[in-house]
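Respectively, the protein sequence lines represent chains A and B.
Residues in the first sequence are numbered from 134 upward in steps of one, following our numbering.
Residues in the second sequence are numbered from 9 upward in steps of one, following our numbering.
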Amino acid sequence: MDNIIIYIETEGGKISDVSLELLTKGRTLAGELSCKLEALIIGSSVEQHTQELFNYGAETIYLAQDKRLEHYLTLPYSAITIDLFKKERPQIALFGATSVGRDLAPRVSSALVSGLTADCTSLEIGNHKEAKSGKEYQNLLYQIRPAFGGNIIATIINPDCRPQMATVREGVMKKEPLATPVKGVVKVIETKEIIKTEDFVVEIIERHIEERKIDIKGSPIIIAGGFGVGSKENFNLLYELASVLGAEVGASRAAVDAGFAEGARQIGQTGITVRPKLYIAAGISGQIQHTAGMDQSAMIISINSDPNAPIHQIADYAIIGDMNEIIPRMIKSYKLNSK
Amino acid sequence: MTKKLKIVVLAKQVPDTRNVGKNAMKEDGTVNRAALPAIFNPEDMNALEQALRLKDRHPGSVVLLLTMGPARAAEIIREGYYRGADGGVLLTDRKFAGADTLATSYALAMALKKMHPDIIIAGRQAIDGDTAQVGPQVAEKLNLPQVTYAEEIVGFEKNKLVVKRRLERGVESVRTPLPAVITVHATAPECRPRNAKQLMRFKHARTLTEEQDNEHNSYLPVISPESLRIPEWGVADVGGEESHYGLSGSPTKVKKIENIVFQAKESKRLTSSFEEIDMLMTELISSHTIG
Numbered sequence: 134m135d136n137i138i139i140y141i142e143t144e145g146g147k148i149s150d151v152s153l154e155l156l157t158k159g160r161t162l163a164g165e166l167s168c169k170l171e172a173l174i175i176g177s178s179v180e181q182h183t184q185e186l187f188n189y190g191a192e193t194i195y196l197a198q199d200k201r202l203e204h205y206l207t208l209p210y211s212a213i214t215i216d217l218f219k220k221e222r223p224q225i226a227l228f229g230a231t232s233v234g235r236d237l238a239p240r241v242s243s244a245l246v247s248g249l250t251a252d253c254t255s256l257e258i259g260n261h262k263e264a265k266s267g268k269e270y271q272n273l274l275y276q277i278r279p280a281f282g283g284n285i286i287a288t289i290i291n292p293d294c295r296p297q298m299a300t301v302r303e304g305v306m307k308k309e310p311l312a313t314p315v316k317g318v319v320k321v322i323e324t325k326e327i328i329k330t331e332d333f334v335v336e337i338i339e340r341h342i343e344e345r346k347i348d349i350k351g352s353p354i355i356i357a358g359g360f361g362v363g364s365k366e367n368f369n370l371l372y373e374l375a376s377v378l379g380a381e382v383g384a385s386r387a388a389v390d391a392g393f394a395e396g397a398r399q400i401g402q403t404g405i406t407v408r409p410k411l412y413i414a415a416g417i418s419g420q421i422q423h424t425a426g427m428d429q430s431a432m433i434i435s436i437n438s439d440p441n442a443p444i445h446q447i448a449d450y451a452i453i454g455d456m457n458e459i460i461p462r463m464i465k466s467y468k469l470n471s472k
Numbered sequence: 009m010t011k012k013l014k015i016v017v018l019a020k021q022v023p024d025t026r027n028v029g030k031n032a033m034k035e036d037g038t039v040n041r042a043a044l045p046a047i048f049n050p051e052d053m054n055a056l057e058q059a060l061r062l063k064d065r066h067p068g069s070v071v072l073l074l075t076m077g078p079a080r081a082a083e084i085i086r087e088g089y090y091r092g093a094d095g096g097v098l099l100t101d102r103k104f105a106g107a108d109t110l111a112t113s114y115a116l117a118m119a120l121k122k123m124h125p126d127i128i129i130a131g132r133q134a135i136d137g138d139t140a141q142v143g144p145q146v147a148e149k150l151n152l153p154q155v156t157y158a159e160e161i162v163g164f165e166k167n168k169l170v171v172k173r174r175l176e177r178g179v180e181s182v183r184t185p186l187p188a189v190i191t192v193h194a195t196a197p198e199c200r201p202r203n204a205k206q207l208m209r210f211k212h213a214r215t216l217t218e219e220q221d222n223e224h225n226s227y228l229p230v231i232s233p234e235s236l237r238i239p240e241w242g243v244a245d246v247g248g249e250e251s252h253y254g255l256s257g258s259p260t261k262v263k264k265i266e267n268i269v270f271q272a273k274e275s276k277r278l279t280s281s282f283e284e285i286d287m288l289m290t291e292l293i294s295s296h297t298i299g
């Protein structure tokens, strides 16, 4: 009762990063609320993951294991989740904002008639006083997210319904195991009592998982280009610098829309969220849609000929000038100094 | 095997969030849609195309649009007509106002119960909220299976519909019985253009509300033919619990809205001279940021 449950997603025999990020965040929230942090994991052979969940602070692991549940299927997975939430009545339930989490969480929220906030970028605990009735609420989950195309940041609350549900995108929160794993318990869910044959009416007939060839998220250095780069050819300069520094090339939405770079490279609110140790933004103006996906980078260098471009405001180093001159100079300098 | 299908496309008229002005928000944190250009939600266009393709392959099928919104959202139904749909319904009632995704999906589900579709197709998400919740919530309320992130409705196999899904790291094909809810991803083909004949035929399609407003506009035909009437449904037409609609049916509340303000931090400004860039690169190398 009244605990926090994190839905744990697995992919290719591994726990998804976003689930571990949510456990890390969940520890802080559970600490503030003096409640337990719990995890729900569903699959065909997921026992192997329990130690890792303890490493990340899950005090209770609800384990639903069934050979029919090898791959995510909306109906049986939601049946198990809904059943657990009805019995355990968590105050907060968090899911990754992945194709699985965004398929499962709304279905669960509808069945439980509880509110769900999508794609949160920040979660906090706070109080609320209803202006009309004067009713006061303690320790609500503030679900903070960009809305309206990223032009505003909205704080959403669910004052009266439980669980308070939210999805969070991968890469937005930090992932940090505990120094000492918790000694938690595993509670096995009897799937046969919950899922029915008709929950399997939708069958997967083919599935080919293609690992993302472009791994922007995993790269410690990202060189990103925007519309200001001017052309697909000019992007070659970015690739050149990236290969010298061992970096990946990213792009803003405007650059992707203009055909300068592939969609898989898109960083920002509608693309990937990254937090590399170094982010070099070239020809990017710095619209919030883009910066929402990179402003947590450890260091930002902006290159833009417009001294008033908003990207310079969030940069640690703002270079005012033409990237066609600056990037070759960076390459030259690196080659001179790195020996 | 040819079967006649009744397909309902859920479409939303959305503010064009690429053009948000200062007066776009009301005090209570809800959106002042009137202040923004209204467009057909892009992924709902992809959904409409999938519906029209099914209709092409299954002659005799019917494609209807269902949209919820204020009077001017009738434009969504007209746009559907122009591209080959057979009609649609505008769900409109002051009691729907202030709905979050849950209250919205309740209203849509109640209307769909009256329409008895074989397939419900929607865009994955709308650009004003980006939540991707309404499709799955409608499916749950109607107790139907759902297939989200669809890139292509492939066709029938063993009396079930085969749908190809686009996921983060690849594709997945599933087979679902009907009726079902399918949400369509932006990677699906774009919608076909407007058809000139359909445009000429349906540009005078009006809701009753629009007819009444038109009485003041002498340059427009005062009365369009009955066959071009776009039906408007309110709470009284679709039934259900009043408390489940609109603001009262919405568990999520907007506590606070902040406009984006860039936080200025101490940034060092450099020129493009080689000396300054060289200093920066040397610093990055010595701090092991690069190299």
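Heads up, the beta-carbon is just placed ideally off N, CA and C, and yes, glycines get one too.
These numbers come from a predicted model, not from an experiment.
The Cβ-Cβ distance between Gln276/A and Thr250/A falls below 8 Å. Going by DSSP, Phe164/B is part of the beta strand (DSSP E) stretching over Gln154 to Glu165. Rounded to the nearest angstrom, the gap between the Cα atoms of Val243/B and Arg240/A is 24 Å. Secondary structure of Gly242/B (DSSP, three-state): coil. Between Phe104/B and chain A, the shortest Cβ-Cβ separation is not below 8 Å.
Straight through space, the alpha carbons of Glu218/B and Pro239/B are spaced by roughly 11 Å. In this structure, the beta-carbon distance from Lys316/A to Leu153/A does not fall below 8 Å. Chain A has a Cβ within less than 8 Å of the Cβ of Glu176/B. The residues Val155, Val171 and Arg173, in chain order, have a CB closer than 7 Å to that of Val182/B in the same chain once the five nearest residues on each side in sequence are set aside. With three or more CB-CB distances shorter than 8 Å, the stretch 45-59 of chain B counts as touching the stretch 68-83 of chain B. In its chain, beyond the 5 residues on either side, Thr254 and Thr406 have a beta carbon closer than 6 Å to the beta carbon of Val305/A. As the crow flies, the alpha-carbon of Phe218/A is around 24 Å from that of Ala107/B. As DSSP reads the structure, Asn437/A sits in a beta bridge with Ile453/A.
Proximity of Pro223/A to chain B, defined by a Cβ-Cβ separation below 8 Å, is not satisfied. According to the DSSP secondary-structure assignment, Met208/B is paired through a beta bridge with no residue. Under DSSP, the beta-bridge partners assigned to Ala172/A are Ile139/A and Ile194/A. Nearest C-alpha to Leu208/A among Tyr270/A, Ala197/A and Glu331/A: Glu331/A. Secondary structure note for Asn260/A: its beta strand (DSSP E) is the uninterrupted segment Ser255 to Lys262. Within the DSSP secondary-structure output, Lys410/A pairs in no beta bridge. Nearest to Gly68/B by alpha-carbon distance, out of Gly137/B, Gly92/B and Val146/B, is Gly92/B. CA-CA distance, Asp390/A to Gly383/A, rounds to 13 Å. Under DSSP, Lys264/B forms a beta bridge with Thr288/A. Within chain B, the residues whose beta carbon sits less than 7 Å from that of Pro292/A are Lys261, listed in sequence order. Linking Ala431/A to Tyr412/A through their CA atoms gives a straight-line distance of about 8 Å.
Ala147/B has a beta carbon lying within less than 8 Å of a beta carbon in chain A.
With a contact defined as Cβ atoms closer than 8 Å, Gln58/B and Leu110/B miss out at about 25 Å. Across the stretch 128-144 of chain B, CB contacts with chain A closer than 9 Å involve Arg132, Gln133, Ile135, Asp136, Gly137, Asp138, Thr139, Ala140, Gln141, Val142, Gly143 and Pro144, in sequence order along the chain. Bounds of the alpha helix (DSSP H) holding Ile285/B are Phe282 to Ser294. Sorting Ile148/A, Arg201/A and Ile354/A by C-alpha distance to the C-alpha of Gln429/A places Ile354/A at the top.
By alpha-carbon distance to Ile285/B, the top candidate from Asp439/A, Ala394/A and Arg462/A is Arg462/A.
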